[in-house]
Amino acid sequence: MRRVALPLLLTLFTTLTAARAGAVQLQAPDGLTLYAEHVSPTRPLGAVLLLHDAGRNLHEFDGVTGRLAREGYASLALDARFGGEYDGYSNRTAAGLGSRILTEADALRDLDVALAWLRRAHPGVPLFALGSGAGGVLLFPFAARHPDLAGILAFSPYRGDLFETDARAAARQLRVPVFVTSSDDPFEIGAARELARAARGVQYVPPGFGLRGAVTLDPVKTTEAAVSEGYWRAVLRFLRQPGAR
Numbered sequence: 009m010r011r012v013a014l015p016l017l018l019t020l021f022t023t024l025t026a027a028r029a030g031a032v033q034l035q036a037p038d039g040l041t042l043y044a045e046h047v048s049p050t051r052p053l054g055a056v057l058l059l060h061d062a063g064r065n066l067h068e069f070d071g072v073t074g075r076l077a078r079e080g081y082a083s084l085a086l087d088a089r090f091g092g093e094y095d096g097y098s099n100r101t102a103a104g105l106g107s108r109i110l111t112e113a114d115a116l117r118d119l120d121v122a123l124a125w126l127r128r129a130h131p132g133v134p135l136f137a138l139g140s141g142a143g144g145v146l147l148f149p150f151a152a153r154h155p156d157l158a159g160i161l162a163f164s165p166y167r168g169d170l171f172e173t174d175a176r177a178a179a180r181q182l183r184v185p186v187f188v189t190s191s192d193d194p195f196e197i198g199a200a201r202e203l204a205r206a207a208r209g210v211q212y213v214p215p216g217f218g219l220r221g222a223v224t225l226d227p228v229k230t231t232e233a234a235v236s237e238g239y240w241r242a243v244l245r246f247l248r249q250p251g252a253r
């Protein structure tokens, strides 16, 4: 039996974790082309919409999407219209803005389009959204529009960041699970605590060092694998919670 079982287990593991990646182009309601990158294992347990910080781009998640896929989660990282150059890459969505005025309403509609694509690509699995900095703030009003989300994860969200969004007021209205975290900065920890309490969510406070935003999940950025692994344990515990639907 062992000789049969081991190859079978290896096959199942490979099927679950083998990731495929591809570029995605979507169209916003105002005609703007939205650029994104999709990474997925063969049979995902869930799917995560990834939203970067202000002035950045989808490459903020280069050190995150592969780990998500290995853990069994598909992802769609969006070049948001409020982005810019980061890590040597440009934000292709923001480059096409032209004379358009940057508004929270348009940014939220972009997320609606991206979530709809992710739902079509992965029907029947729990859908999450993970945001960094200003992207994390925007997830609170976004989740209020999508109560069917399995949860949101906000990394270093600041109230009033970018669009003057009152994330705390939005958090009080949420009916979806919420995970909030931050760097080791006391101000960030306090801001995260406010939002976690308002949303009746969970907060992860790093026991030591931590970076601002979702880059803290990338051991290349933190240069300390143990630091990133602490965040990952908290994230995976949230994604795998019994209430995830």
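Residue numbering for the sequence shown follows the working numbering, beginning at 9 and increasing consecutively.
The C-beta atom is built at its ideal place from N, Cα and C for all residues, glycine as well.
{"query": "Local Cβ density within 10 Å of residue 215, reported as buried at 16 or more and exposed below that", "result": "exposed"}
{"query": "Inter-residue Cα distance where the pair is residue 31 and residue 176", "result": "34 Å"}
{"query": "Which listed residue (174, 161, 173) has its alpha carbon closest to that of residue 283", "result": "Only positions 9 to 253 of the chain appear in this structure, which leaves residue 283 out of reach."}
{"query": "Residue 95 classed as buried or exposed, judged by whether at least 16 other C-beta atoms fall within 10 angstroms", "result": "exposed"}
{"query": "Length-filtered (3 minimum) beta strand (DSSP E) runs lying within the segment 71-154", "result": "81-86, 135-140"}
{"query": "Rounded C-alpha distance that separates residue 13 from residue 128", "result": "Low confidence applies here, because residue 13 scores a pLDDT of 47, under 50, leaving its location unreliable and the question unanswered by this model."}
{"query": "Residue 28, DSSP secondary structure in three states", "result": "strand"}
{"query": "For residue 224 and residue 193, the rounded distance between their alpha carbons", "result": "13 Å"}
{"query": "Cβ-Cβ distance between residue 234 and residue 206 below 8 Å", "result": "no"}
{"query": "As assigned by DSSP and simplified to three states, the class of residue 53", "result": "coil"}
{"query": "Residue 110, buried or exposed, once every other Cβ within 10 Å from all chains shown has been counted against 16", "result": "exposed"}
{"query": "Three-state class that DSSP yields for residue 211 in the structure shown", "result": "strand"}
{"query": "Span separating the alpha-carbon of residue 103 from that of residue 126", "result": "23 Å"}
{"query": "Backbone secondary structure at residue 67 - three-state DSSP", "result": "helix"}
{"query": "Chain-order list of residues whose beta-carbon lies under 6 Å from that of residue 198 (same chain, five-residue window excluded)", "result": "none"}
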